[in-house]
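First the structure, in the form of structure tokens, and then the observations on it.
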Amino acid sequence: MATKVKKQESIIDPQEVSPQDYIFIKGARVHNLKNVSVSIPRSKLVVVTGVSGSGKSSLTMDTLYAEGQRRYAESLSSYARQFLMRMNKPDVDYIKGICPAIAIEQKVITRTPRSTVGSMTEIYDYLRLLFGRVGKTYSPVSGQLVKKHEVSDVVDYIIKLKKGSKVLLLVPFRRHAKREVKEELNILMQKGFSRLYTPGSEGTGLVRIEELLEEKKPVVAADAWVLIDRLVVKDFEEDDKHRIADSVQTAFYESEGDCYVEIDGKPMQHFANRFELDGLQFEEPVPNLFSFNNPYGACPTCEGFGQTLGIDTDLVIPDKRLSVFEGAVAPWRGEKMGEYKEALIKAARKFGFPVHKPIADLTDEQVQLLWTGNEHFYGLNEFFKMVEQNLYKVQYRVLQARYRGRTICPECGGGRLRKEALYIKIGGRNIADLVDMPVENLKVWFDELQLNEYEQQVGKRILIEINHRLKTLLDVGLGYLTLNRVANTLSGGESQRIQLTRTLGSNLTNSMYILDEPSIGLHARDTHRLIAVLKELRDLGNTVVVVEHDEQMMEEADYIIDMGPLASHLGGEVIFEGTYPQILEDGKSLTGKYLSGQLTIDPPLKLRKWKKAITLEGCRQHNLKDITVDFPLEVLTVITGVSGSGKTTLVKQILYPALMKLKGEFAERVGYHKALKGAVDDITQIEMIDQNPIGKSSRSNPVTYIKAYDEIRDLYSKQPLSKMRGFQPKHFSFNVDGGRCDACKGEGEVVVEMQFLADVHLTCESCGGKRFKDEVLEVTYKGKNIYEVLDLGVDDALDFFKEEKDVCNKIRPLSSVGLGYVKLGQSSDTLSGGEAQRVKLASFLGKGKAQGHIMFIFDEPTTGLHFHDIKKLLNSFNALIEQGHTVLVIEHNLDVIRSADWVIDLGPEGGAGGGNLLYAGVPEGLKKVKGSYTGKFL
């Protein structure tokens, strides 16, 4: 009974709720929510948890966030609103005390190759500003600092001279090709100049222009100068300084940027207000010069992409295990082109080139030599130049096409900027050097950066912003990324934490942050740092609502809301709201039972032994340190390690594409490795199962995805009434004309567009939302028509169709992966990521043993899964392995690691400090590995 009282204490009476302290939601009915009322304390860290599909996202994203956004949109003018995504008003009675909402979802939000980690976190924008304001330009020829003299520099120089010094301000006398000397002198007279100066001549060296003009053919010395002004150094008054400044300005104008000062007849001092040195003209630093998304700053060759269409090195040398002698260079095979290879082999001993060594083992200098060549042989660059000169012959056009692909831009070397931007440096580094550093090294560099007083004042605010964002990136466990990493290569968890960095950088207060599982892809080691970041956000006065299953996160939360009791139409209720100690004692909460240890996920009693394996040798892609890894077959293998340790690189960039290529399937470029050996022929196909939606349209649903709908339609077309009316299986589909309602085309609703208001969804008047024509709905099986069958849950349908073996066999896998609650006709766009993944899994389970030996690769399958669902997921994995398949999982979840037959641990750190194989073996042995963080947490 005690638990009851506790439960009651934690639920807040809406009458007593003050909008200053709580956000109160009354009567939420979005998706599967059953008229839910709940209070969320403001300025607290609140965790919303519950089984998959219990209504967590419906409550947080689709109700709270949607209403926060809609209220913001409503504050805009009707003209502005028509350009926004139209916000539907969530189905809720009212929400009190809501604050401005920011949602951070776990999607990879950008697909463009122009977006980088630097631009997404806004660090790159601050870097551009810093380089534009305090960057110094150095000549690539002499390495000297490039300076531009201002008028004030010359005036200051003159004022500081010894008193009594005689100073002449001069510019060179220029002769134009089409003008006589006399004409030139006349122009000078008209401009107000009166004297020329010839150094080293008798007397003062000054001669009046008037006198020269009196001669019939005036003669002017080759080294003559025009006198702009002359003065004697003294304690200058303010007026004198103005006069000198005017004279200097005139000199710069007349000579197009030069001014010469002679003191007491000594060699002249030269000043120039042009930005040049060593005969090169330089660009002055401005922020736009450092933007690769701006035509002014982008490299002209690759237009700021960092890649161009050129000769692809991976196509030229496809197999790096071969040596030059064995024909590693693909275009040098064959009789005619083989002459280039022969020339290299014959000359190799003259400069010590190892022709028998595999390309993978050559040094960078030796590989470079293969491309550039030397006096003894033509390199690959020369070879392709020759090909280009012969493109009028068809065989050379074919040859060139065979080796063309995306390659690093030769002009900027992948730096994306024009070369002028890279001459500008701060602390000896240009901007391309900085974006190539891992964030952890970059933070150290900024901490040690020495600036002079002027630079410190200009850069003070910029440096605060940069350091704050770099610190947050480190706190959320992304210190291994570089700022030029392209955004579309990041995982969902990484891109979510990058968005978190950007929003934290803005230092908002009194807002509501809603995060969807921010701990995804984070190793248990880094979760506490993420929690610290969220608490920092809370301490600024924000309400932080986190949808999360992580135990650490719940322990640290101020308040927990548990949704349930189960999923879909069996969920949608608030089972518990209160603190962590209270949930441990709550008898109703499934989450509480797992947290308190009443329910557990037990590791298998007996581990499977494996006989065959696939071996990847010499993996060196990204940060992998030449490792060789065995992937056992017909067992559950888990690959783990801290974020950035190389798990994704190993599995998704080397193993998966390499296997796909061997099977003759299309795959992305294969990562750098020496060989793929072992029982490759035993595998018949490879399946990568991720959490992407199975369908985005309202017409896609689980029964069509697992191909069970075909059987159901066949069954209905065989009913006596169907035969009388001539109905075929197609009449029971809402995707084709025939049996579906003509008014709504089988959608069940009609959408009325309202321009700047939310679209109105009306139930179709013709079919009443049932999608089919009346005459089709009159056909029944066991008293239910096709519409009523689609409305059944999977478990109910199994009971209903128990006499129909074919239908049951198709539907049963959905139940065995724990989706018994999903309705057969439920729209795919209402399924969560975890549910979509399990529907895909069910489609394979349904095929049975007839499909050969499949290798399944799962990337973090526990995303969005409650402890209860993880248990079901592990059962599905076991079912697949019993059918003779292999399951390979990239995962941080400790329960999954414990349940594995074989564990591969990479690390010890992320980025450059990772990429080593720390351990491969049974889970028990991992606990003894000293350097492994996973071992510690196990």
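For the numbering used here, add 23 to where a residue sits in the sequence shown, where the first one is 1.
Where is the CB? At the ideal position from N, CA and C, for every residue including glycine.
Check, Outcome
"Where does F689 land, buried or exposed, given buried means 16+ other C-beta within 10 angstroms?", "exposed"
"If distances are taken between C-alpha atoms only, which option among K448, A943 and K753 comes closest to I809?", "K753"
"Just verifying my parser: in three-state terms, what is the DSSP assignment at Q31?", "Note on Q31: pLDDT 36, under 50, position unreliable in the model; no value is reported."
"Taking the alpha-carbon positions, what's the L903 to V910 distance?", "8 Å"
"Curious, which full-length alpha helix (DSSP H) runs of at least 4 residues does the region 513-576 contain?", "515-528 and 547-562"
"Please list the terminal residues of the continuous alpha helix (DSSP H) segment that includes G482.", "E476 to D498"
"Would you report the Cα separation of V59 and D562, rounded to the nearest angstrom?", "29 Å"
"Would a C-beta distance cut-off of 8 Å place V665 and G930 closer than the cut-off?", "yes"
"By Cβ distance below 6 Å, which residues in the same chain neighbour V69 in space, the five residues on each side in sequence not counted?", "I63, V568 and Y582"
"For C322, which option in G587, K416, P743 and L445 has the closest C-alpha, if you only look at C-alpha atoms?", "L445"
"Along the chain, where does the alpha helix (DSSP H) containing W355 start, and where does it finish?", "Premise fails: W355 is in no alpha helix (DSSP H) and is neither H nor E."
"Could you give the DSSP three-state label for R439: helix, strand or coil?", "coil"
"Select from V71, K632 and G76 the residue whose C-alpha is nearest the C-alpha of T83.", "V71"
"For N939, report the span of its beta strand (DSSP E) as first-last.", "N939 to G944"
"Take Q92 as the anchor and find which of A124, V74, C764 and S66 has the nearest alpha-carbon.", "A124"
"Check whether the region 132-144 touches the region 498-513, taking contact to mean three or more Cβ pairs, one atom from each stretch, closer than 8 Å.", "yes"
"Tell me the residue span of the beta strand (DSSP E) that contains F786.", "Looking at the sequence shown, residue 786 is not Phe but Thr. Element bounds for T786: V783 to T786."
"For the beta strand (DSSP E) that contains G601, what are its first and last residues?", "E596 to G601"
"Rounding to the nearest angstrom, what Cα-Cα distance links T26 and L504 in this structure?", "The pLDDT assigned to T26 is 37, lower than 50, so where the model puts this residue is not dependable, and the model offers no usable value."
"Check each candidate in V417, V421, V347 and A424 and name the one with the smallest Cα separation from W394.", "V347"
"To the nearest angstrom, report how far apart T602 and S866 are at their CA atoms.", "40 Å"
"Assign S142 to one of two classes, buried (16 or more other C-beta atoms within 10 Å of its C-beta) or exposed (fewer than that).", "buried"
"Within this structure, are the beta carbons of H645 and T672 separated by less than 8 Å?", "yes"
"Starting from the Cα of I834, find the closest Cα among A455, R861, E233 and G610 and give me that residue.", "R861"
"Label V720 either buried or exposed according to how many other C-beta atoms from any shown protein chain fall within 10 Å of its C-beta, with 16 as the threshold for buried.", "Checking the sequence shown, residue 720 turns out to be Ser, not Val. Under this definition S720 is an exposed residue."
"Spell out a yes or no on whether the region 606-619 and the region 885-901 are touching, meaning 3 or more CB-CB pairs, one atom from each, closer than 8 Å.", "yes"
"Report the rounded CA-to-CA distance for P946 versus I927, giving the unit in angstroms.", "9 Å"
"If we require 4 or more residues per run, which alpha helix (DSSP H) segments fall completely within the region 201-256?", "204-214 and 232-237"
"Taking three-plus beta-carbon pairs below 8 Å as touching, is the region 404-422 in contact with the region 264-282?", "no"
"If V177 sits next to V249, beta carbons under 8 Å apart, how far is it from one beta carbon to the other, in whole angstroms?", "So it is not a contact: roughly 16 Å between Cβ atoms."
"Locate the alpha helix (DSSP H) running through K684, then write down its first and last residues.", "Y679 to L685"
"Leaving aside the five residues before and after I48 along the sequence, list all residues of the same chain whose C-beta is less than 6 Å from its C-beta, in chain order.", "V61 and I118"
"What do you get for V28, buried or exposed, if any count of 16 or more other CB atoms within 10 angstroms of its CB means buried?", "Low per-residue confidence applies at V28: pLDDT is 35, beneath 50, and the placement is therefore not dependable enough to give any value."
"Taking 7 Å as the limit between beta carbons, can you name the residues of its chain near L941, skipping five residues before and five after?", "D928, L929, G930, P931, V952, G954 and S955"
"Anyone know if the C-beta pair for L414 and F315 falls short of 8 Å?", "no"
"According to DSSP, is Q43 part of a helix, a strand, or is it coil?", "coil"
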